[in-house]
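Novice: My structure is below; once you've seen it, I'll send some questions.
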Amino acid sequence: MQINNFGEKLTPKDSTKENLKKDISEGKVPELPYFIIGQTNLKAHIVQKLEQIDGDRMQTSLFVAPYGNGKTNILKYTKLFFDGNPSVNVIYSRANVDLPDIVLFLLKEIQDQYTDFLIQSILETRDDINLEDLTSNFEDNFKAIEPYTRKLFDKGNDEDAIKRLIYLGTGRLYNKTEFKHFDLEQLTNFNRREVLVLFLNILSVKEKYIIFEIDEVEKFLDRSVLRLNQFLTTYRELFDLFSFIKGHYLITCFTDAKTDKFNFRNINDAFYSRIEPHIQELPNINTKEEIKTLLKNLNELFETGVSAGDIDKYVRILVAKKYNQNRNLFRHATELLKSEQETILLDKNLADRGLTEIFDETKRNLELEGLFKSINQKFFDPLETYLEGNYMLENESKIDRRDYQAFIDNSNKKIHYFILNVETSIETINSKIEDLVLKYEMPIVIYAPIKLELQNSSVSMPMGFEFEIVDFDPEELFVLLNIYRDNFELQDEITEVIGSYTNNNL
Numbered sequence: 030m031q032i033n034n035f036g037e038k039l040t041p042k043d044s045t046k047e048n049l050k051k052d053i054s055e056g057k058v059p060e061l062p063y064f065i066i067g068q069t070n071l072k073a074h075i076v077q078k079l080e081q082i083d084g085d086r087m088q089t090s091l092f093v094a095p096y097g098n099g100k101t102n103i104l105k106y107t108k109l110f111f112d113g114n115p116s117v118n119v120i121y122s123r124a125n126v127d128l129p130d131i132v133l134f135l136l137k138e139i140q141d142q143y144t145d146f147l148i149q150s151i152l153e154t155r156d157d158i159n160l161e162d163l164t165s166n167f168e169d170n171f172k173a174i175e176p177y178t179r180k181l182f183d184k185g186n187d188e189d190a191i192k193r194l195i196y197l198g199t200g201r202l203y204n205k206t207e208f209k210h211f212d213l214e215q216l217t218n219f220n221r222r223e224v225l226v227l228f229l230n231i232l233s234v235k236e237k238y239i240i241f242e243i244d245e246v247e248k249f250l251d252r253s254v255l256r257l258n259q260f261l262t263t264y265r266e267l268f269d270l271f272s273f274i275k276g277h278y279l280i281t282c283f284t285d286a287k288t289d290k291f292n293f294r295n296i297n298d299a300f301y302s303r304i305e306p307h308i309q310e311l312p313n314i315n316t317k318e319e320i321k322t323l324l325k326n327l328n329e330l331f332e333t334g335v336s337a338g339d340i341d342k343y344v345r346i347l348v349a350k351k352y353n354q355n356r357n358l359f360r361h362a363t364e365l366l367k368s369e370q371e372t373i374l375l376d377k378n379l380a381d382r383g384l385t386e387i388f389d390e391t392k393r394n395l396e397l398e399g400l401f402k403s404i405n406q407k408f409f410d411p412l413e414t415y416l417e418g419n420y421m422l423e424n425e426s427k428i429d430r431r432d433y434q435a436f437i438d439n440s441n442k443k444i445h446y447f448i449l450n451v452e453t454s455i456e457t458i459n460s461k462i463e464d465l466v467l468k469y470e471m472p473i474v475i476y477a478p479i480k481l482e483l484q485n486s487s488v489s490m491p492m493g494f495e496f497e498i499v500d501f502d503p504e505e506l507f508v509l510l511n512i513y514r515d516n517f518e519l520q521d522e523i524t525e526v527i528g529s530y531t532n533n534n535l
């Protein structure tokens, strides 16, 4: 497949432009970012893979970078790049820690988005298709799915029967009674590896190719090393089937994969030996040329009209900062262009006030006591002390910790909703937001974990109510609240730090 102009600046959608501006101002990855800064080697690598997406072998890449350095940006850019392309569809998803088998995960994605297309493809091709071409001539492990494949393409099946058979393949239907209805032996999850090959090859016959993007795979390690190892093992098993799959492209993203905590080479050497040639490490934006390009793009997006001379001045300021995360660079660049006050990062704020040592000591103690593991239950105790000390629980203001994990500020007519679990789904977040706003009829401040990357476009807000997203690390705010509670002499300074940390909302 010929790929032209990948990596060049695209035209942002008018319908998403305002949320795009807000997300970039806050250092977030917008829903559909439209430019990539630098990353010359990475772009060449992706183009090489994309040009083989309709070839004789499935492609894969593994992107590795510290948090906030552009992995998700690349994935979202790719989605925008192929928007409207009839042959290529990009399916972006976050890793599901409850489904570490990558084959079952991809089958569910196909089931959710391509069941109807598969039905029509089977109906259109079953008269003359060569099933052996789809299944490696039913050799080796493919022999086990031959009866299933032939039943799937049986000319006597109507659409409903084909749908049920597809569901038997994906695992949505799995009991013996369902298989017996079609006179089939029950498929195992191991058989579903070949079923995935079959489904992808059906799509390829119809010249429909998928780019699967799986982000935040490091979340498996947060659950356990065994959970991550299960994911890597099934990834390796799928990799070994790539030569039987006609096209398609799988991209996975790992954060901080080279640290001692996350060395997947040691965790699963068999996987690493296969994936190593396909790994791409993403550097952060740091050269003068890259930062200047960033400022020019943002100057155009925000229509700030900053002169070339001032842009050069801002380049020098940003280069001197030596940001190790792109998200902080984006935020500061936007502040400079819009002549806004610079956001003071927590590390600097603590250092300037001589509070780094007590912050680190308090964090160590909380970790030793295991309180971070129960932060959902423990967070609101020091928060209540802080609110009382700053007279914020007056006028019937209250903490609703059981149902909503929220502080209802009747004095300032504002709801504060705290998301303390990075695995909280967007559906759950929006459900709670809607309940809170309709119940209390006030604007809402949403405290979202930085790693959740909650975008403004993701928030579903009842009409007429405003919202603000405060990106925070629940553990960091928990530490600050504990310092406030346990150190009376530091309360004034910690109050200022917490105010800065929460965009002056607390």
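Read left to right, the sequence shown gives residues 30 to 535 (the working numbering).
Yeah, the Cβ is synthetic: ideal placement off N, Cα and C, and Gly gets one too.
(1) Looking at the structure shown, is LYS503 part of a helix, part of a strand, or coil, going by DSSP?
(2) Quick one: what does DSSP say TYR203 is sitting in, helix, strand or coil?
(3) Start and end of the alpha helix (DSSP H) containing ALA124?
(4) LEU71 and VAL132 look like a contact to me (Cβ under 8 angstroms); what is the Cβ gap, rounded to whole Å?
(5) For GLU242, does the three-state DSSP call read helix, strand or coil?
(6) Under a Cβ-count criterion, where at least 16 other Cβ atoms within 10 Å of its own Cβ denotes burial, should ARG221 be classed as buried or exposed?
(7) Excluding the five sequence neighbours on either side, which residues of its own chain have a C-beta within less than 7 angstroms of the C-beta of LEU374, listed in chain order?
(8) What does a CB cutoff of less than 7 angstroms around ASN230 pick up in its chain, not counting 5 residues either side in sequence?
(9) Distance, Cα to Cα, THR553 vs ILE340?
(10) Grab the span of the beta strand (DSSP E) containing LYS38 for me, first residue to last.
(11) Looking at the unbroken alpha helix (DSSP H) that takes in ILE280, where does it start and where does it end?
(12) Could you give the distance in angstroms between the alpha-carbon of TYR106 and the alpha-carbon of ASP187?
(13) Going along the chain, which residues of its own chain have a beta-carbon closer than 6 angstroms to the beta-carbon of LEU535, five neighbours each way excluded?
(14) How would you write the range of the beta strand (DSSP E) that SER486 sits in, first residue to last?
(15) With DSSP as the reference, label GLU47 as helix, strand or coil.
(16) Quick test of the definition: if touching needs 3 or more C-beta pairs under 8 angstroms, does the segment 148–156 touch the segment 113–129?
(17) Can you tell me where the alpha helix (DSSP H) with PRO411 in it begins and where it stops?
(18) TYR278 to THR284, Cα distance in whole Å?
(19) Which value, in whole angstroms, describes the spacing of the CA atoms of ILE473 and ARG303?
(20) In angstroms, rounded to a whole number, what distance separates the CA positions of TYR121 and GLU138?
(21) Determine the burial state of GLY56: buried for a count of at least 16 other Cβ atoms within 10 Å of its Cβ, exposed for fewer.
(22) DSSP three-state call for ILE387: helix, strand or coil?
(23) Alpha carbon to alpha carbon, how far is LEU467 from LYS442? Give it in angstroms, no decimals.
(24) Between HIS307 and the rest of its own chain, which residues show a CB-CB distance below 7 angstroms, the 5 nearest in sequence each way excluded?
(25) What's the C-alpha gap between LEU232 and ARG294?
(26) Please go through the same chain and pick out, in chain order, the residues whose beta-carbon is closer than 6 angstroms to the beta-carbon of LEU422, but skip the five residues on each side of it.
(27) For THR263, which residues from the same chain have a beta carbon less than 6 angstroms from its beta carbon, with the 5 sequence-adjacent residues on both sides left out?
(28) Distance check for ASN297 and THR322, CA to CA, integer angstroms please.
(29) Find out if the Cβ-Cβ distance for the pair ILE158, LYS192 is shorter than 8 angstroms.
Specialist: Here's the rundown:
(1) Taking the sequence shown and counting its residues from 1, one reaches residue 503 at position 474. Before going further, note that residue 503 is Pro rather than Lys in the sequence given. Looking at PRO503 - three-state DSSP - the assignment turns out to be helix.
(2) Looking up residue 203 in the sequence shown gives position 174. It is coil, neither helix nor strand.
(3) Stepping through the sequence shown from its first residue, residue 124 is reached at position 95. Neither: ALA124 is in no alpha helix (DSSP H) and is coded neither H nor E.
(4) For the purposes of this step, residue 71 is taken as residue 42 along the sequence shown, with counting starting at 1. For the purposes of this step, residue 132 is taken as residue 103 along the sequence shown, with counting starting at 1. 27 angstroms between Cβ atoms; not a contact.
(5) Taking the first residue of the sequence shown as position 1, residue 242 is located at position 213. DSSP places GLU242 in strand when its eight states are reduced to three.
(6) On the sequence shown, position 192 is the one that residue 221 refers to. Its Cβ being crowded by 16 or more others within 10 Å, ARG221 is buried.
(7) Counting from 1 along the sequence shown, the entry for residue 374 is found at position 345. Contacts found: ASN357.
(8) If you number the sequence shown from 1, residue 230 lands on position 201. Correct list, in chain order: LEU163, ILE274, LYS275.
(9) Lying before the first or after the last residue shown, residue 553 is absent from the chain, which here runs from 30 to 535.
(10) Counting from one through the sequence shown, the residue named residue 38 turns up at place 9. It is not in any beta strand (DSSP E) - LYS38 carries neither H nor E in the DSSP assignment.
(11) As a working note, residue 280 is residue 251 in the sequence shown. Careful: ILE280 lies outside any alpha helix (DSSP H), inside the beta strand (DSSP E) at 278–284.
(12) The sequence position of residue 106 within the sequence shown is 77, counting from 1. The sequence position of residue 187 within the sequence shown is 158, counting from 1. So the two alpha carbons sit approximately 39 angstroms from each other.
(13) To locate residue 535, count along the sequence shown from 1; it is residue 506. Cβ neighbours of LEU535 beyond the five flanking positions: ILE527.
(14) Position 457 of the sequence shown, counted from the start, is the residue given in the question as residue 486. Here SER486 belongs to no beta strand (DSSP E), and DSSP marks it neither H nor E.
(15) On the sequence shown, position 18 is the one that residue 47 refers to. If DSSP states are grouped into helix, strand and coil, GLU47 belongs with the helices.
(16) no
(17) Position 382 of the sequence shown holds residue 411. Run containing PRO411: 409–418, per the alpha helix (DSSP H) assignment.
(18) If you number the sequence shown from 1, residue 278 lands on position 249. If you number the sequence shown from 1, residue 284 lands on position 255. About 20 angstroms.
(19) Numbered from its first residue, the sequence shown carries residue 473 at position 444. Numbered from its first residue, the sequence shown carries residue 303 at position 274. Approximately 48 angstroms, taken between the alpha carbons.
(20) Walking along the sequence shown from the start, residue 121 turns up at place 92. Walking along the sequence shown from the start, residue 138 turns up at place 109. In a straight line, the C-alpha of TYR121 is about 10 angstroms away from that of GLU138.
(21) The residue labelled residue 56 in the question sits at position 27 within the sequence shown. Result: buried.
(22) By 1-based counting over the sequence shown, the position of residue 387 is 358. In this structure, ILE387 counts as helix in the three-state DSSP scheme.
(23) Against the sequence shown, residue 442 aligns to sequence position 413. Against the sequence shown, residue 467 aligns to sequence position 438. Rounded to the nearest angstrom, the two C-alpha atoms are 13 angstroms apart.
(24) Within the sequence shown, residue 307 is the residue found at index 278, counting from 1. These residues qualify, in order along the chain: THR89, SER90, LEU91.
(25) Locating residue 232 in the sequence shown gives position 203, where the first residue counts as 1. Locating residue 294 in the sequence shown gives position 265, where the first residue counts as 1. LEU232 and ARG294: Cα-Cα distance of roughly 33 angstroms.
(26) For the purposes of this step, residue 422 is taken as the residue at position 393 of the sequence shown. Same-chain partners within the cutoff: LEU416.
(27) Locating residue 263 in the sequence shown gives position 234, counting from the first residue. So the qualifying residues of the chain are ASP130, ILE131, VAL132.
(28) The residue labelled residue 322 in the question sits at position 293 within the sequence shown. The residue labelled residue 297 in the question sits at position 268 within the sequence shown. Their Cα atoms are separated by approximately 40 angstroms.
(29) Numbered from 1 along the sequence shown, position 129 holds the residue referred to as residue 158. Numbered from 1 along the sequence shown, position 163 holds the residue referred to as residue 192. No, these two residues do not count as a Cβ contact at 8 angstroms.
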